[in-house]
Amino acid sequence: MNNTRYSRSRYLRAVQKEKRAVRILQLSIVAGLLFAWEAGTRLGLADAFIVSSPVRMFSMFVTMAGGDLARHVMYTVGETMAGFFLGVAMGFGAAVGLWYSPFAHKVLSPYLVVLNSLPKVALGPVIIVWAGAGISAVITMALAISLIVTIMELTHGFYSTDANMMTTVQSFGAGKWECFKKVVMPYNVPVLFQSLKVNIGLCLVGVITGEFLVSRAGLGYLIVYAGQVFKMDLVMMSVVLLGFIAFLMYSAVSAAEKLAVKIINHI
Amino acid sequence: MFLSVENIGLSYQTAERETMAVKDVSFDVKEGEFVSIVGPSGCGKSTLLSCIAGLTVPTTGQIIFKGRPTDGVREDVGYMLQSDNLMPWRSIYKNVTLGLEIQNKLTAENEAYAQSLLKKYDLWEFKDSYPSRLSGGMRQRAALIRTLAVKPDLLLLDEAFSALDYQTRVNVSRDVYRILRAENKTMVMVTHDIPEAVAMSDRVVVLSKRPSVVQKILTLPFGRRRDPISVRGHGRFQSFFDAVWKEMNI
Ligand SMILES: Nc1ncnc2c1ncn2[C@@H]1O[C@H](COP(=O)(O)OP(=O)(O)OP(=O)(O)O)[C@@H](O)[C@H]1O
Ligand SMILES: [Mg+2]
């Protein structure tokens, strides 16, 4: 008994230690890259006007933060969230429909395959004409990029639900809808969150593409504008900020997943 | 008759071909009786059981249970498949009450019955655990209690023990035997395992190769109060094993 306690505490300590080592290394890589970047431009290995530098980016950030950076960030974040939630809701609804009706699934799956492989950016001009040049076009672009993937992944997950579990609930007299609630949905929680995680990234791609094409605000617009007037500090800062936003959103989905698993385990 | 299987035949239709799985199978089961169905692999045992459960509609013939023809899933018949199929996201208690939930029968009385089964069959202390924490044998017991909780009169077991290792399998089949006898149930089970069939049942229905017909029905003399493990040492056990084996290999 003492012995197992001992090995348990040793195991826990080793896990802790490894976790810390991973964190430290991750931070060191970022710090190292930033340092090399800064040093490279200072030593004249690269032109800071072309490649920018961490210090120049930071001072640009400070300048912009006093200005309308917050507004641009809000636009991008807002559009991404709108695209994300709309995409999830519509994608989920469509996938449930395609699961509920195998006939509809048979009819529609070639369309899904074609739409999925179509480069959605090609729809840009169409979207602008149809949705108008503004937020709605940006959100439509985000949807165009993320929706089909969501539908396909969820539908595939729903159809791959364990057949014996389905038979088990059916043997208790469960109808199709009950099968969905009792088995298909909980069985596919990991699939759902996997697709949400992919979705966040795809929505950001869509939003930035949309902002490139039409917008007057948002980080995508800022990047295009700064590129045209050759403000590389602003371009790079916006890109880094974008990476940060993507990271935060991904973390939010991960946190939601942990919560959902906990909830589903207690209903 | 409690359960009558009358001239059941079933052909599966697929794009490539028609497969006649069951040709013509008839037998009766008395109330409280334990009947095993054995037969060569792929001869249509699962198909037949699924028809009795009302999950599959036979091409010909009919099932009459308690005087009423079966035309779909019915609440007085419980069905257990291979492996326990417990839902990993539900606690043992929530798994056990799944059938009650689906049938909208989560009354205080029914829950009390489910709880009494958990207590009686040594799973009470695990009621809040998740299936992954339980051993294979315990999981199988939990699955049986899930089936019993809706109070079926007839239990259908399709290779219910075949996912277990040998020792657990023999022990679980004894548990199941005792539980079902104690709860006064009628059972029809499908198995590959001839000793298991002989040890657990009052009669063994031997099916022929696909498309199956009844090859032979053997009546076993071991009685209700046997122990399904020690009966394997009974003087006449081997002769019944041989008889089933012979019929299966004709
Ligand atoms: N859904 C189906 N569609 C087409 N053919 C099927 C289907 N299910 C079973 N079959 C075929 O019907 C025959 C009987 O199958 P069944 O599963 O009832 O046999 P079994 O006796 O239970 O087999 P096993 O001993 O392997 O459990 C087999 O030849 C099988 O290939
Ligand atoms: Mg089978």
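Quick note, the sequences are listed as chains C and G, same order. When we follow this note's numbering, the leftmost residue of the first sequence carries the number 1, and every step to the right adds one. When we follow this note's numbering, the leftmost residue of the second sequence carries the number 1, and every step to the right adds one. We put the beta carbon where it would ideally sit given N, CA and C, even for glycine.
Among the options, which has the Cα closest to the Cα of residue i?
| i | options | result |
| --- | --- | --- |
| Ile-92/G | Ala-114/G, Thr-191/G, Cys-51/G and Ser-129/G | Ser-129/G |
| Val-73/G | Thr-168/C, Ser-101/C and Tyr-250/C | Thr-168/C |
| Ser-195/C | Val-229/C, Gly-157/C and Gly-210/C | Gly-157/C |
| Ala-48/C | Phe-247/C, Ser-254/C, Met-236/C and Glu-257/C | Met-236/C |
| Gly-78/G | Asp-165/G, Arg-174/G, Arg-232/G and Leu-148/G | Leu-148/G |
| Lys-120/G | Ser-173/G, Gly-137/G, Ile-145/G and Asn-110/G | Ile-145/G |
| Leu-222/C | Ser-254/C, Lys-197/C and Met-74/C | Met-74/C |
| Val-213/G | Ala-15/G, Glu-75/G, Met-20/G and Asp-165/G | Met-20/G |
| Pro-58/G | Gln-103/G, Thr-97/G and Ser-46/G | Ser-46/G |
| Gly-44/G | His-234/G, Gly-9/G, Gly-223/G and Trp-245/G | Gly-9/G |
| Tyr-100/C | Gly-210/C, Thr-155/C, Thr-41/C and Trp-37/C | Thr-155/C |
| Met-166/C | Met-185/C, Gly-67/C and Met-152/C | Met-185/C |
| Val-192/C | Ala-21/C, Met-152/C, Gly-175/C and Phe-230/C | A quick correction: the sequence has Leu, not Val, at residue 192/C. Selected option, being the one with the closest Cα: Met-152/C. |
| Ser-231/C | Val-15/C, Val-107/C, Met-60/C and Gly-175/C | It is Lys, not Ser, that sits at residue 231/C in the sequence shown. For Lys-231/C, the nearest C-alpha among the options comes from Met-60/C. |
| Asp-28/G | Leu-3/G, Ala-112/G, Phe-34/G and Gly-42/G | Leu-3/G |
| Phe-85/C | Tyr-159/C, Thr-150/C and Phe-244/C | Thr-150/C |
| Pro-211/G | Val-22/G, Arg-17/G and Glu-18/G | Val-22/G |
Pull up the CB-CB distance for residue i and residue j, whole angstroms please, since I reckon it's below 8 Å.
| i | j | result |
| --- | --- | --- |
| Ile-139/C | Ala-217/C | Not a contact, Cβ separation roughly 13 Å. |
| Gly-220/C | Val-239/C | Going by Cβ atoms, the distance from Gly-220/C to Val-239/C rounds to 11 Å, so no, they are not a contact pair. |
| Gly-87/C | Leu-147/C | 5 Å |
| Lys-209/G | Pro-40/G | 5 Å |
| Tyr-251/G | Met-200/G | This structure cannot settle anything about residue 251/G, because the visible part of chain G is limited to 1 through 250. |
| Gly-210/C | Ala-142/C | 7 Å |
| Ser-83/G | Asn-164/C | 7 Å |
| Asp-38/G | Ile-179/G | It should be noted that the sequence gives Val, not Asp, for residue 38/G. Not a contact, Cβ separation roughly 22 Å. |
| Asp-158/G | Met-248/G | Contact flag wrong, Cβ pair sits at about 18 Å. |
| Leu-55/G | Ser-171/C | 6 Å |
| Ala-142/G | Asn-171/G | Not quite, the Cβ-Cβ distance comes to about 15 Å (not below 8 Å), so this is no contact. |
For residue i, which beta-bridge partners are listed by DSSP?
| i | result |
| --- | --- |
| Thr-60/G | Gly-9/G |
| Glu-18/G | Gln-13/G |
| Thr-161/C | Answer is none; Thr-161/C lacks a bridge partner. |
| Thr-219/G | Arg-203/G |
| Phe-34/G | Met-187/G |
| Phe-240/G | Answer is none; Phe-240/G lacks a bridge partner. |
| Phe-27/G | Val-5/G |
| Phe-65/G | Leu-3/G and Arg-68/G |
| Ser-212/G | Val-22/G |
Measure the C-alpha to C-alpha separation of residue i and residue j and round it to an integer number of angstroms.
| i | j | result |
| --- | --- | --- |
| Lys-120/C | Ile-145/C | 6 Å |
| Ile-200/C | Thr-80/C | 8 Å |
| Ile-263/C | Ser-230/G | 47 Å |
| Met-1/C | Ser-7/C | Any reading at Met-1/C needs caution, since the residue's pLDDT is 48, under 50, leaving its predicted position unreliable; the model's value is listed next. About 10 Å. |
| Ser-215/C | Leu-118/C | 23 Å |
| Leu-319/G | Tyr-12/G | As displayed, chain G neither begins before 1 nor continues past 250, which places residue 319/G out of reach and without an answer. |
| Leu-196/G | Phe-237/G | Per the sequence presented here, residue 196/G reads as Glu, with Leu not at that position. Their Cα atoms are separated by approximately 11 Å. |
| Cys-203/C | Leu-123/C | 15 Å |
| Leu-98/C | Trp-177/C | 13 Å |
| Ser-36/G | Val-114/C | 52 Å |
| Val-206/G | Val-198/G | 11 Å |
| Pro-228/G | Lys-105/G | 34 Å |
| Met-87/G | Val-224/C | 51 Å |
| Val-261/C | Asn-85/G | 19 Å |
| Ala-160/G | Gln-140/G | 8 Å |
| Leu-43/C | Phe-35/C | 12 Å |
| Val-247/C | Ala-53/G | A small fix is needed here, since residue 247/C is Phe in this sequence, not Val. So the two alpha carbons sit approximately 52 Å from each other. |
| Asn-7/G | Phe-65/G | 14 Å |
| Ser-132/G | Arg-90/G | 10 Å |
| Ile-217/G | Val-25/G | 11 Å |
| Lys-30/G | Cys-179/C | 33 Å |
| Met-57/C | Ile-127/C | 34 Å |
| Lys-185/G | Asn-188/C | 36 Å |
| Ile-259/G | Glu-75/G | Residue 259/G cannot be examined here, being either before or after the span of chain G that is shown, 1 to 250. |
| Val-183/C | Thr-161/C | 8 Å |
| Val-188/G | Phe-92/C | 41 Å |
| Lys-71/G | Gly-175/C | A small fix is needed here, since residue 71/G is Asp in this sequence, not Lys. Distance between the alpha carbons of Asp-71/G and Gly-175/C is about 15 Å. |
| Gln-215/G | Lys-181/C | 43 Å |
| Cys-51/G | Ala-182/G | 27 Å |
| Arg-68/G | Met-1/G | 11 Å |
Using 7 Å as the cut-off, classify the Cβ of residue i as near or not near the heavy atoms of ligand 4, replying yes or no.
| i | result |
| --- | --- |
| Glu-159/G | With respect to ligand 4, the structure shown offers nothing to examine, as its ligands consist of ligand 1 and ligand 2. |
Give me the chain D residues within the contact set of residue i, using Cβ-Cβ distance strictly less than 7 Å, ordered along the chain.
| i | result |
| --- | --- |
| Val-150/G | The displayed structure is made up of protein chains C and G, and chain D is not among them. |
Runs of beta strand (DSSP E) wholly within the region 68-92 of chain G (minimum 3 residues, chain order):
Listed in chain order, the complete beta strand (DSSP E) runs (minimum 3 residues) inside the region 68-92 of chain G are 77-80.
For the region 97-182 of chain G, which segments carrying the alpha helix (DSSP H) assignment without a break, of at least 4 residues, lie completely within its bounds, in sequence order?
98-102, 108-120, 136-149 and 166-182
Entirely within the region 28-95 of chain C and at least 3 residues each: give me those beta strand (DSSP E) ranges in chain order.
none
For the region 169-203 of chain C, list the alpha helix (DSSP H) runs that are entirely contained and at least 4 residues long, ordered along the chain.
176-179
Going along the chain, which unbroken runs of the alpha helix (DSSP H) with 4 or more residues stay wholly within the region 219-250 of chain C?
Counting only runs of 4 or more, we get 219-228.
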